[in-house]
Structures are given as structure tokens and as C-alpha cells.
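Trainee: Below you'll find the structure I mean.
Number of protein chains: 2
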Amino acid sequence: MKSSLTIVVVVVVVVAFILVSYSCKNQRNQQANQMESIQKELIFPKGEKITNNNFVGTAWLEGLLDADSLNHIAVGSVVFEPGARSNWHTHPDGQILICLDGVGYYQEKGSPIRVVNKGEVVNIRPNVLHWHGASADTEFVQLAITSRLEGVTEWFGAVSDEEYLGLKR
Amino acid sequence: MKSSLTIVVVVVVVVAFILVSYSCKNQRNQQANQMESIQKELIFPKGEKITNNNFVGTAWLEGLLDADSLNHIAVGSVVFEPGARSNWHTHPDGQILICLDGVGYYQEKGSPIRVVNKGEVVNIRPNVLHWHGASADTEFVQLAITSRLEGVTEWFGAVSDEEYLGLKR
Chain A
1 MKSSLTIVVV
11 VVVVVAFILV
21 SYSCKNQRNQ
31 QANQMESIQK
41 ELIFPKGEKI
51 TNNNFVGTAW
61 LEGLLDADSL
71 NHIAVGSVVF
81 EPGARSNWHT
91 HPDGQILICL
101 DGVGYYQEKG
111 SPIRVVNKGE
121 VVNIRPNVLH
131 WHGASADTEF
141 VQLAITSRLE
151 GVTEWFGAVS
161 DEEYLGLKR
Chain B
1 MKSSLTIVVV
11 VVVVVAFILV
21 SYSCKNQRNQ
31 QANQMESIQK
41 ELIFPKGEKI
51 TNNNFVGTAW
61 LEGLLDADSL
71 NHIAVGSVVF
81 EPGARSNWHT
91 HPDGQILICL
101 DGVGYYQEKG
111 SPIRVVNKGE
121 VVNIRPNVLH
131 WHGASADTEF
141 VQLAITSRLE
151 GVTEWFGAVS
161 DEEYLGLKR
């Protein structure tokens, strides 16, 4: 009788033990998923996939504010997937890039590639030939602030893999 | 003998059960703390505490880019603690505010207070009398983009508690 009782008690407690461990593991997994979604949370929507020929790879644009007669500054958020980059181009009135997340590359013609990390600002001077995009392994989320006082962006050729990999300036 | 065995087994299993529950709870707490620190992570440093008389409450400014002869756009990040706000003021060339985190208030003279959430943009027209700051309960992290083409910001009186609480426009 006592032996049966021992077995029953042990089985009940062991089953409870397994249930608690399982529930604990599930809670951990749920929290891990939640953390991942917070880390991935963008401030702005990803926007529309860029389909023009001025980019290599996949990039997304969310226009935040257009210039008009009272405001000459356009603001947009661009997400470059790893490896994606703009073609070489110039801005007649310069442009300011701010890295909101990820890791980017920025290069002016003749200079080495600059790695741009979260929180860093790139001050692109008027008519300086340059390109920007994601690093090879990590996406790049940038805010682009562009003065529209003078002319339009001029586009040049694509950034070759040799240039992108830093083998050629 | 068997009775003693039952007691020993039950005690051992119950202690193990308590230890697993405790360890599980600790892991949950550690993950919760980690989540909080991710949510609180700022893109830019908080910067310097603003000590001039153009603000009520505690606000912090990190200058990101100054205007100069080639770039007329200044960019800064401002953190307003809950309840903190600017005085009433105007910008001769307008200003663009972008909410990076938290919840802010924005008001133009004569209009109701606008609540500004993460990712939202405020397009402040030239010479429009306005103020901005944090909501009463939540801090407000804003990017301020200011054209420095014409004149300087003009400052007026402080935003009273009556105005801040939306009782008076």
C-alpha cells in the first residue's frame, strides 16, 4: 500500500516538474521572439521597393516630407538590404545622411570607403561624386535630408563589385 | 522504511521543483531587463542638458550637424523629459521635426495640441508661432532639421501649465 503511494506521489510530482519546465521554456521562447521583433522594429515604414535603375540590389524608400514653395528640404528613409547600393551620383545642393540602424558604406570618388554606423552623420558636399549603400553583411537604414534649392540629382554609372569591395576607388 | 523513503523522495523532488521554478523566474527577469534596455537604446547620445531660458523642464541637445557656407541645414537630436517643453517661438525659414521615440506635443498658436508619435513628421512653416515638447507622461526624442538660410529663431514667452494641459490655445 505504502509502495503504491510512493509511486503515485513520485509520478505526480515528476509530471508537475516536467510541466513547469516546459512552461518555463515556452515563456523564454516567447520573450526571445518579442526581443527580436523589438530589435527589428523600424521607426518608419519600410516603404516602396525602389525599381529605377539608379540602384543595385534591393532598396526601399519611404518618403517622409516633400519640398514645396515654403520648405525646400526633402526627407526620406531608405532601407538597403545587404549588398545593395546606389549608383555613383551628385547632389547640386548637397545631402545629409543619418544612419538610423545597421551598417552602411559611403564613398566619394578617389577616397576609401567609409563604414557608417548607427547614429553617424555623413555631410555630402554639393556636386561631390559619391555612392552609398548597405555593408556586405548587414542592412543599412538611413535618413536622407536633401536641399531642393538647386537643380536635380545627377546619376552616373553603377558601383561595380570591385569598387563595392573596396578594391578600386 | 518505505514511509521514510516516500518522505525522502517527495522532499528531494519538491526541492528540485522549487529550484527549477526559481531559476526559471530569474531567467525571465534577466530577459525582461534586457528588453527594457533595448527599448531605451537611443540612436544618438543624449547630449548636453539645455540650460538656457527657452525651455521649461529638463531637455537635452545633441548637435549632429551645423550649417556652414556649403550646407545651410542644421540637424540636432533633442530629448525632452516628461512635461518638458520649449517656449513659444518662430523659425524664419521653418523647421522639420521627426519623432524618433516616445510621445510629444506640438502646438501652433490658436490650434489644438497635436500628439506626435514615433515616426511622425511635423512640418513647421516659416514664422508660425508654436511650441513642442514631451507629453506629460512619456519622454519625447525628436530630430530637428532647421534651414539656416534666413535670420534666427525668435523666442517668446513660456508655455503655461494651462496651455500645456490643453486648457488654453
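For the protein sequence lines, the chains are A and B, in the order given. The first sequence begins at 1 in UniProt numbering and counts up by one. The second sequence begins at 1 in UniProt numbering and counts up by one. For glycine and all other residues, C-beta sits at the position ideal for the given N, C-alpha and C.
Scan the region 113–132 of chain B for residues whose Cβ lies nearer than 8 Å to a Cβ of chain A and list them as they occur along the chain.
Mentor: Listed by position, the residues of the region 113–132 of chain B near chain A (Cβ gap below 8 Å) are Lys-118, Gly-119, Val-121, Asn-123, Arg-125, Pro-126.
Trainee: Do you know how far the Cα of Gly-110(B) is from the Cα of Gly-119(A)?
Mentor: In the first sequence, residue 119(A) corresponds to position 119, counting from 1. In the second sequence, residue 110(B) corresponds to position 110, counting from 1. Each residue's alpha carbon lies about 36 Å from the other.
Trainee: Looking at the strands, I want to know which residues DSSP matches up with Glu-62(A).
Mentor: Along the first sequence, read from residue 1 onward, the residue named residue 62(A) stands at position 62. Answer is Ser-77(A).
Trainee: How many whole angstroms separate the CB atoms of Ile-85(A) and Trp-155(A), which I take to be in contact at a CB cut-off of 8 Å?
Mentor: Taking the first residue of the first sequence as position 1, residue 85(A) is located at position 85. Taking the first residue of the first sequence as position 1, residue 155(A) is located at position 155. It is Arg, not Ile, that sits at residue 85(A) in the sequence shown. Their Cβ separation, rounded to whole angstroms, is 13 Å, which puts Arg-85(A) and Trp-155(A) out of contact at 8 Å.
Trainee: Assuming Glu-108(A) is part of the beta strand (DSSP E), what are its boundary residues?
Mentor: Counting from one through the first sequence, the residue named residue 108(A) turns up at place 108. Element bounds for Glu-108(A): 95–108.
Trainee: Going straight from the alpha carbon of His-72(B) to that of His-72(A), what length do you get?
Mentor: Translated into positions along the second sequence, residue 72(B) becomes position 72. Translated into positions along the first sequence, residue 72(A) becomes position 72. Taking the straight line joining both Cα atoms gives about 11 Å.
Trainee: Which chain A residues sit within Cβ distance under 9 Å of Leu-100(B)?
Mentor: Translated into positions along the second sequence, residue 100(B) becomes position 100. Ordered by position in chain A, the residues that pass the 9 Å Cβ test against Leu-100(B) are Ile-43, Leu-100.
Trainee: List, in order along the chain, the chain A residues whose C-beta lies closer than 8 Å to that of Val-75(B)?
Mentor: What you label residue 75(B) is simply residue 75 of the second sequence in a count that begins at 1. Neighbours of Val-75(B) on chain A, chain order: Ile-96, Ile-98, Val-121, Ile-145.
Trainee: Is it right to say Gly-104(A) is buried, meaning 16 or more other beta carbons lie within 10 angstroms of its own, or is it exposed?
Mentor: On the first sequence, position 104 is the one that residue 104(A) refers to. Its Cβ being crowded by 16 or more others within 10 Å, Gly-104(A) is buried.
Trainee: In angstroms with no decimal places, state the Cα-to-Cα distance between Tyr-164(B) and Asp-137(B).
Mentor: Counted from its first residue, the second sequence places residue 164(B) at position 164. Counted from its first residue, the second sequence places residue 137(B) at position 137. Roughly 12 Å separates the two Cα atoms.
Trainee: In terms of residues, what are the limits of the beta strand (DSSP E) holding Arg-114(B)?
Mentor: Taking the second sequence and counting its residues from 1, one reaches residue 114(B) at position 114. From DSSP, the beta strand (DSSP E) with Arg-114(B) extends over 114–117.
Trainee: For Ile-43(B), I'd like the list of residues in its chain whose CB is within less than 7 Å of its CB, leaving aside the five on either flank, ordered along the chain.
Mentor: If you number the second sequence from 1, residue 43(B) lands on position 43. Around Ile-43(B): Leu-100.
Trainee: Reducing DSSP to helix, strand and coil, say where Glu-162(B) ends up.
Mentor: Taking the second sequence and counting its residues from 1, one reaches residue 162(B) at position 162. Three-state DSSP puts Glu-162(B) in a helix.
Trainee: Output needed in chain order: residues of the region 66–92 of chain B with a Cβ under 8 Å from some Cβ in chain D.
Mentor: No chain D appears in this structure, whose protein chains are A and B.
Trainee: What's the gap between the Cα of Gly-133(A) and the Cα of Leu-70(B)?
Mentor: For the purposes of this step, residue 133(A) is taken as the residue at position 133 of the first sequence. For the purposes of this step, residue 70(B) is taken as the residue at position 70 of the second sequence. Taking the straight line from one Cα to the other gives about 24 Å.
Trainee: Our contact map puts Leu-143(A) next to Ile-98(A) with C-beta atoms below 8 Å; I'd like the distance itself, whole angstroms only.
Mentor: Position 143 of the first sequence, counted from the first residue, corresponds to residue 143(A). Position 98 of the first sequence, counted from the first residue, corresponds to residue 98(A). Indeed, because the Cβ distance is near 4 Å, the residues count as touching under 8 Å.
Trainee: Would you kindly work out how many angstroms separate the C-alpha atoms of Val-56(A) and Asp-93(A), rounded to a whole number?
Mentor: Residue numbering aside, residue 56(A) sits at position 56 when the first sequence is read from its first letter. Residue numbering aside, residue 93(A) sits at position 93 when the first sequence is read from its first letter. Near 24 Å, if we compare the C-alpha coordinates of Asp-93(A) and Val-56(A).
Trainee: Of all the CB atoms in chain B, is at least one closer than 8 Å to the CB of Leu-61(A)?
Mentor: By 1-based counting over the first sequence, the position of residue 61(A) is 61. Chain B, which has no Cβ nearer than 8 Å to the Cβ of Leu-61(A), makes this no.
Trainee: Compute the Euclidean distance between the alpha carbons of Thr-51(A) and His-91(B), then round it to the nearest angstrom.
Mentor: Within the first sequence, the letter at position 51 stands for residue 51(A). Within the second sequence, the letter at position 91 stands for residue 91(B). Rounded to the nearest angstrom, the two C-alpha atoms are 37 Å apart.
Trainee: With 16 other CB atoms within 10 Å as the buried threshold, where does Val-78(A) fall?
Mentor: Against the first sequence, residue 78(A) aligns to sequence position 78. Val-78(A) should be labelled buried.
Trainee: With distances taken Cα to Cα, identify the nearest neighbour of Val-115(B) among Gly-63(B), Arg-125(B), Phe-140(B).
Mentor: Translated into the one-based positions of the second sequence, residue 115(B) becomes position 115. Comparing Cα-Cα distances from Val-115(B) to each of Gly-63(B), Arg-125(B), Phe-140(B), the minimum goes to Phe-140(B).
Trainee: In whole angstroms, give me the CA-to-CA distance for Glu-41(A) and Gly-157(A).
Mentor: Start at 1 with the first residue of the first sequence, and residue 41(A) comes out as number 41. Start at 1 with the first residue of the first sequence, and residue 157(A) comes out as number 157. Going from the Cα of Glu-41(A) to the Cα of Gly-157(A) covers about 33 Å.
Trainee: Considering Cα atoms alone, identify which of Pro-112(B), Ile-96(B), Pro-45(B) is closest to Leu-64(A).
Mentor: The residue you call residue 64(A) lines up with position 64 of the first sequence. Answer by Cα proximity: Ile-96(B).
Trainee: In chain B, which residues lie with their C-beta within 9 Å of the C-beta of Leu-165(A)?
Mentor: Looking up residue 165(A) in the first sequence gives position 165. Chain B residues near Leu-165(A): none, gap ~28 Å exceeds 9 Å.
Trainee: Among the residues of its own chain, which have a CB less than 7 Å from the CB of Pro-45(B), if the five just before and after it don't count?
Mentor: Numbered from its first residue, the second sequence carries residue 45(B) at position 45. Around Pro-45(B): Glu-62.
Trainee: Would you kindly work out how many angstroms separate the C-alpha atoms of residue 174(A) and Leu-167(B), rounded to a whole number?
Mentor: Residue 174(A) lies beyond the range of chain A shown here (1 to 169); nothing can be said about it.
Trainee: Are Val-128(A) and Glu-150(A) touching if we call contact CB-CB under 8 Å?
Mentor: As a working note, residue 128(A) is residue 128 in the first sequence. As a working note, residue 150(A) is residue 150 in the first sequence. No, Cβ-Cβ distance for Val-128(A) and Glu-150(A) is not below 8 Å.
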